[in-house]
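Colleague:
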Amino acid sequence: MSKKLLLIVLIAALGVCLAAAQSDESGSFLVGEFEGPTIITDEGMMPSMYSESPMLSAMVEAGDLPPVEERLPANPGVIQPAHEIGQYGGQWRRGYTGPGDVWNARRIAGNDNLLFMDYTLNEIKPWVFESWEANDDFTQFTFGLREGHKWSDGAPFTADDIVFWFEELFLNEEFLPAPSTFLSVNGEFATLTKIDDLTVQYSFSAPYPLFLKVMATPSSNIASHARRGWNGHGGYAPAHYIKQFHPDFADEAELNAILEEGGYSNWVDLVKSKNDWARNPDLPTLAPWRVKLAPADNPVYVLERNPYYFNVDAEGNQLPYIDSIVLTLAEDLEVLNLRAIAGEYDLQSRHIDLQKLPLYIENAERGDYSIRLDPSDYGANVLLFFGQTYSADAEIAGWLQNVDFRRAVSMGVDGGQVNETFLLGLGVARSVVPTAANPYYPGEEYETLYTAFDADAANQLLDDIGLSAKDGDGYRLRADNGERLTLTLTTPGASFVPYPKIAEMVANQLGGIGLHVIPEQLERSLWQSRIDNGEIQLSLWDNGGTEDVFLHFNNTWLWARPNYTDWMRSGGAIGDEPPAEIKEAMEIWVSGPALPPDERIEAGKRLWVLFAENVWQAGIVGSSPAVLGTRVVKNAMGNVPARQLSNVLCMTPGCTLPETYFIQR
Amino acid sequence: MLTYIIRRFLLALITIWAISVLSFAIIQLPPGDYVTAYIAQLASSGVDVTPEFAENLRQQYGLDSPITVQYLKWMQQISRGNFGRSLEWRAPVLDIIGDRLWLTMAVSVSAVIFTWGLALPIGIYSAVRQYSIADYIFTFIGFIGLAVPSFLLALILMYVGFRYFGANIGGLFSPEYLQADWSLAKLWDLIKHLPLPALILGAAGTAQLIRIMRANLLDELRKPYVITARAKGMSELRLILKYPVRAAMNPFISTLGYLFPFIISGSIIVALVLGLPTIGPLLLRALVAQDMFLAGTIVLFLGILTVLGTFISDILLMWIDPRIRFERRE
Chain E
710 MSKKLLLIVL
720 IAALGVCLAA
730 AQSDESGSFL
740 VGEFEGPTII
750 TDEGMMPSMY
760 SESPMLSAMV
770 EAGDLPPVEE
780 RLPANPGVIQ
790 PAHEIGQYGG
800 QWRRGYTGPG
810 DVWNARRIAG
820 NDNLLFMDYT
830 LNEIKPWVFE
840 SWEANDDFTQ
850 FTFGLREGHK
860 WSDGAPFTAD
870 DIVFWFEELF
880 LNEEFLPAPS
890 TFLSVNGEFA
900 TLTKIDDLTV
910 QYSFSAPYPL
920 FLKVMATPSS
930 NIASHARRGW
940 NGHGGYAPAH
950 YIKQFHPDFA
960 DEAELNAILE
970 EGGYSNWVDL
980 VKSKNDWARN
990 PDLPTLAPWR
1000 VKLAPADNPV
1010 YVLERNPYYF
1020 NVDAEGNQLP
1030 YIDSIVLTLA
1040 EDLEVLNLRA
1050 IAGEYDLQSR
1060 HIDLQKLPLY
1070 IENAERGDYS
1080 IRLDPSDYGA
1090 NVLLFFGQTY
1100 SADAEIAGWL
1110 QNVDFRRAVS
1120 MGVDGGQVNE
1130 TFLLGLGVAR
1140 SVVPTAANPY
1150 YPGEEYETLY
1160 TAFDADAANQ
1170 LLDDIGLSAK
1180 DGDGYRLRAD
1190 NGERLTLTLT
1200 TPGASFVPYP
1210 KIAEMVANQL
1220 GGIGLHVIPE
1230 QLERSLWQSR
1240 IDNGEIQLSL
1250 WDNGGTEDVF
1260 LHFNNTWLWA
1270 RPNYTDWMRS
1280 GGAIGDEPPA
1290 EIKEAMEIWV
1300 SGPALPPDER
1310 IEAGKRLWVL
1320 FAENVWQAGI
1330 VGSSPAVLGT
1340 RVVKNAMGNV
1350 PARQLSNVLC
1360 MTPGCTLPET
1370 YFIQR
Chain R
4 MLTYIIRRFL
14 LALITIWAIS
24 VLSFAIIQLP
34 PGDYVTAYIA
44 QLASSGVDVT
54 PEFAENLRQQ
64 YGLDSPITVQ
74 YLKWMQQISR
84 GNFGRSLEWR
94 APVLDIIGDR
104 LWLTMAVSVS
114 AVIFTWGLAL
124 PIGIYSAVRQ
134 YSIADYIFTF
144 IGFIGLAVPS
154 FLLALILMYV
164 GFRYFGANIG
174 GLFSPEYLQA
184 DWSLAKLWDL
194 IKHLPLPALI
204 LGAAGTAQLI
214 RIMRANLLDE
224 LRKPYVITAR
234 AKGMSELRLI
244 LKYPVRAAMN
254 PFISTLGYLF
264 PFIISGSIIV
274 ALVLGLPTIG
284 PLLLRALVAQ
294 DMFLAGTIVL
304 FLGILTVLGT
314 FISDILLMWI
324 DPRIRFERRE
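Chain order of the listed sequences is E and R. The first sequence runs 710 to 1374 under the numbering used here. The second sequence runs 4 to 333 under the numbering used here.
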């Protein structure tokens, strides 16, 4: 008997030791050092000789391509890779999930931003624009192009391509009924002047200090042709190619024939389809790779190197190193993950399921890969938001708009339990404000304000605001008719984070403070249209992209759609005027981009204080690698940073420069 | 006979037209449209979507015109052999369906061959040797095959294949042939990949068919004509195959019409799990994304296949079962 007992104790002790050892390790070896490539701007360090991929030299020898010196601009961009000078060649194998997943390619292979935000997101560097200058009051911005810069078909890239885009596409009301507000201040659009072939100037009617950052943020609609050309934005377009599809330039009969043959609904559809870098192999581009096989009618989606790409490494080797990117279609996420576990992908974080981490680690040696985790530095990977424009049930709408009710709900949710159960304990239970590294970080006290789990305080608060009456099952009663107060927690299926499962747990936790909450899972588009119509009571989502809160609309204001956001964006012309606190937050958000940098940072902090205090969104778990933060990296891949920002604004891994990655032989 | 066929043919045409209207209407039923679905998808993959976005897209795709106008436009295009452009893939619908149609046929035909090739002999055997040990074993395996969901079987086989045999995960081709043009080597590669999906897709069907065949044949075996034939000294094998089996086949042939659409729609989940580049997953995705021209075209094809299948099974039945043939002649 005592022997048996001893054995049990021993096994238990061993288990504890193992668990301790494991948790100790997971922090250290999976999250690496934050690092990235450097863009060299020092004149003295520029290479004088250029070389190219053997794939291209063969074409040059065959006479199909001019030599590398003629293909590069007079002053190419020079990049010091994260670790070493790479080797040319190879295929980068990845998985994608279907036609909607072309962002997979746009993120990794579409670095054609006008300006560049380096991997820390703190410094603006030259990219397509070689130089930039702002006047003292930030109303006039002058940009310089690289001399001899060429499109991927060899045609020159000049100021005309920017002017063409601005005048014939961006300002054409038929083509873009609702152009991006990033090119306007106080509702007035910028004017664009061509100074000479290599110089353009944007002028605004009021100061716009954030403009340079906007031009360096590839997610911002007007700064990257590869990322945003497909919806008519992008900041520039290949005029020599697009003109054949534009009614102001093309022959009418020919244009009608093209429309008819391709089944396009109108010329707008035609131009937007032709200007889609991710799908049109014929489209000239400035990005490091171009599409070779589009996803539609091919079993594989293939991108190949752009022979005219304008960046070289520190020794003058034209980038990218990797010749082609091959994405194979995985109809199902389980299949995609199983393939990654089998080592069939060279580098991928998109669609990699954090919850399968143990399986990934177990098979790492066999699959010849390693795992890297990139915790996010926006506030919440899982947050609960309160629909502020919900109105169908006046009693419920009243509670949702009651700040004490929201605070109580927030304190009634145990983020720690969600973290342990769904995010393997890799996150932190915290509010929606960004992490300490962020310039708009409002201070430590706001990280946990009304977020720390405290059932007693939550119960007290609910009792105090008039929800003290309960039924026989311990649920609180409505004030209007004395029936049970029942709330619906609506979640979308098929996201990177398992929201519907988390909703079950959250509903259960809220039962603990006497709130009857029914979780409801909706198909994603139905969920979206409920939000568009203001029909959501409670829902779960994240706030990715709010690292620079002034540059991201959707995840900042999801809870205020549609009436309040319409009001905000129309300057009060349509929609409903929100209550004072929301109005203050919205006014800050709208005026922020026009403030001088120091004042903008103060404004951003104030905005986050308002968010934390008013709890329109209750943070549950943040700082985890749950969204796009679990990377599977084949051991042969070089120059892949040990840790990167997981960030929409820099199109991660875009700002770590995939063109400097290479495959070791 | 001829008037019968002509009448059936005209009815088939009307049915197909009705299907096209229904399919177009059903796809429009869920709230929102392609743009809503698309925006939801973008938002959940970390793209900032602003309200302007939706406005620009609706205008681009002509989604603001009424549904009847959209339907008539589509019909007009179809009459010229153009099935429209897929909103989601941004390409002509026929280009997208293209290769997938043939691969779907390959997978389905091999699944049908597997099912019938296994189920019919076993069904006959278990009926003739009712309550023998082999009958019990087949029955047992059959019921297990019927009870195990095929997507689960697919997941398990795939994991076992990867874990112990180092096989590729899913798909119909090895990676090196994915980009290759069609050749004998690629065809051989396809043939090598077919047994697994055929086995998984066929497993449930096989069990079902075994049971039906067994029950039908048992009914027939007890009928007097069998005893008469046996009394006349006909060899047992010839007797069973020529008369009772033929009669027992009747329900198989008459359900042939449903086999075609089942091949596409019944295998969606398995095709998803196995990563098969077939029509099923395409249809599912098109429906979720409310990509109405792609979904509409596939549903229309499914309808045509069903009608065609029923037509063929009618004719086959007349050929295989003299009783039906003579009824018609009168």
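A virtual CB, placed ideally from N, CA and C, is assigned to each residue, including glycine.
Return helix, strand or coil for R/G120, following the three-state DSSP convention.
Modeller: helix
Colleague: How big is the Cα-Cα spacing for E/A814 and E/A1003?
Modeller: CA-to-CA, the gap between E/A814 and E/A1003 works out to about 11 angstroms.
Colleague: Determine the DSSP secondary structure at E/M826, reduced to helix, strand or coil.
Modeller: Residue state for E/M826 is assigned as strand, using DSSP reduced to three classes.
Colleague: Applying a beta-carbon distance threshold of less than 9 angstroms, which residues of chain R neighbour E/D985?
Modeller: R93
Colleague: So with CB distances below 7 angstroms, who are the chain R contacts of E/F1262?
Modeller: D51, T53
Colleague: CA-CA distance, E/A1312 and E/W1298?
Modeller: 8 angstroms
Colleague: From E/Q1027 to R/I99, what does the alpha carbon distance come to, in whole angstroms?
Modeller: 36 angstroms
Colleague: List the residues that DSSP assigns as beta-bridge partners of E/L1010.
Modeller: Note on residue identity: the sequence assigns Tyr, not Leu, to residue 1010 of chain E. DSSP, once it has assigned bridges, lists E/L1036 as partnering E/Y1010.
Colleague: So E/Y1030 and E/T1369 are supposed to be a Cβ contact under 8 angstroms. How far apart are they, rounded?
Modeller: 7 angstroms
Colleague: What is the residue span of the alpha helix (DSSP H) that E/V769 lies within?
Modeller: 763-770
Colleague: For E/E1013, I'd like the list of residues in its chain whose CB is within less than 6 angstroms of its CB, leaving aside the five on either flank, ordered along the chain.
Modeller: Short of 6 angstroms from the beta carbon of E/E1013, and not among the five residues preceding or following it, lie these beta carbons of its own chain, in chain order: K1001, S1033.
Colleague: Counting only C-beta atoms, is R/Q63 closer than 7 angstroms to chain B at any point?
Modeller: Here the protein chains are E and R, and chain B is not one of them.
Colleague: Taking 7 angstroms as the threshold (C-beta atoms), are E/G1338 and E/R1139 in contact?
Modeller: no
Colleague: Would you say E/V787 lies against chain R (beta-carbon separation less than 7 angstroms)?
Modeller: no
Colleague: Consult DSSP for E/P808 and reduce its assignment to one of helix, strand or coil.
Modeller: helix
Colleague: Leaving aside the five residues before and after E/S737 along the sequence, list all residues of the same chain whose C-beta is less than 7 angstroms from its C-beta, in chain order.
Modeller: Reliability fails at E/S737, whose pLDDT of 44 lies under 50, so the model's placement of it is uncertain and no value is given.
Colleague: Quick one: which residues of the segment 998-1016 of chain E get their C-beta closer than 9 angstroms to a C-beta of chain R? List them in chain order.
Modeller: L1002, A1003, P1004, A1005, D1006, N1007, P1008, V1009, V1011
Colleague: Does the Cβ of R/M78 have 16 or more other Cβ atoms within 10 Å, making it buried, or fewer, making it exposed?
Modeller: Exposed is the call here.
Colleague: Determine the closest residue to E/R780 out of E/Y1017, E/E770, E/I788, E/A935, with distance taken between C-alpha atoms.
Modeller: E/Y1017
Colleague: Please look up how many angstroms separate the CB atoms of R/V112 and R/L204, rounded, as I've assumed it's under 8 angstroms.
Modeller: Wrong, their Cβ atoms sit about 11 angstroms apart, outside the cutoff.
Colleague: For chain E, is any of its Cβ atoms less than 7 angstroms away from the one on R/G278?
Modeller: Chain E places a beta carbon closer than 7 angstroms to that of R/G278, counting this residue as a contact.
Colleague: Where R/L45 and E/G1181 are concerned, what is the direct C-alpha to C-alpha distance, given to the nearest angstrom?
Modeller: 45 angstroms
Colleague: Give a yes or no on whether 7 angstroms exceeds the smallest Cβ distance from E/R988 to chain R.
Modeller: yes
Colleague: Output needed in chain order: residues of the segment 806-833 of chain E with a Cβ under 7 angstroms from some Cβ in chain R.
Modeller: G807, P808, G809, W812
Colleague: Helix, strand or coil: which one does DSSP assign to E/I1061?
Modeller: coil
Colleague: Alpha carbon to alpha carbon, how far is E/L919 from E/P1148? Give it in angstroms, no decimals.
Modeller: 14 angstroms
Colleague: CB-CB under 8 angstroms to R/F314, same chain, minus the five flanking residues each way: which ones, in chain order?
Modeller: Leaving aside the five residues that flank R/F314 on each side, the residues in its chain whose CB is nearer than 8 angstroms to its CB run, in chain order, R11, F12, A15, G260.
Colleague: Residues of the segment 57-82 of chain R in Cβ contact with chain E at a cutoff of 7 angstroms, in chain order, please.
Modeller: E58, N59, Q62, Q63, Y64, G65, Q80
Colleague: With a threshold of 7 angstroms between beta carbons, is E/L1354 in contact with chain R?
Modeller: Proximity of E/L1354 to chain R, defined by a Cβ-Cβ separation below 7 angstroms, is not satisfied.
Colleague: On the three-state DSSP scale, how would you describe R/F56?
Modeller: helix
Colleague: Would you kindly report the start and end of the unbroken alpha helix (DSSP H) that includes R/L160?
Modeller: Taken as a continuous stretch (DSSP letters only), the alpha helix (DSSP H) holding R/L160 covers 153-168.
Colleague: Kindly say whether R/N253, judged by its beta-carbon, lies nearer than 7 angstroms to any beta-carbon of chain E.
Modeller: Chain E, which has no Cβ nearer than 7 angstroms to the Cβ of R/N253, makes this no.
Colleague: From the DSSP output, which residues share a beta bridge with E/T851?
Modeller: Answer is E/E842, E/Q910, bridged to E/T851.
Colleague: What residues of chain R sit near E/K981, judged by a beta carbon separation below 7 angstroms?
Modeller: Residues of chain R passing the Cβ test: Q63.
Colleague: Taking the straight line between their C-alpha atoms, what separation do you get for E/E1229 and E/M768?
Modeller: In this structure, the CA atom of E/E1229 is about 58 angstroms from the CA atom of E/M768.
Colleague: Can you give me the Cβ contacts of R/L320 inside the same chain, cut-off strictly under 8 angstroms, excluding the 5 residues immediately before and after it?
Modeller: N253, I256, S257, I327
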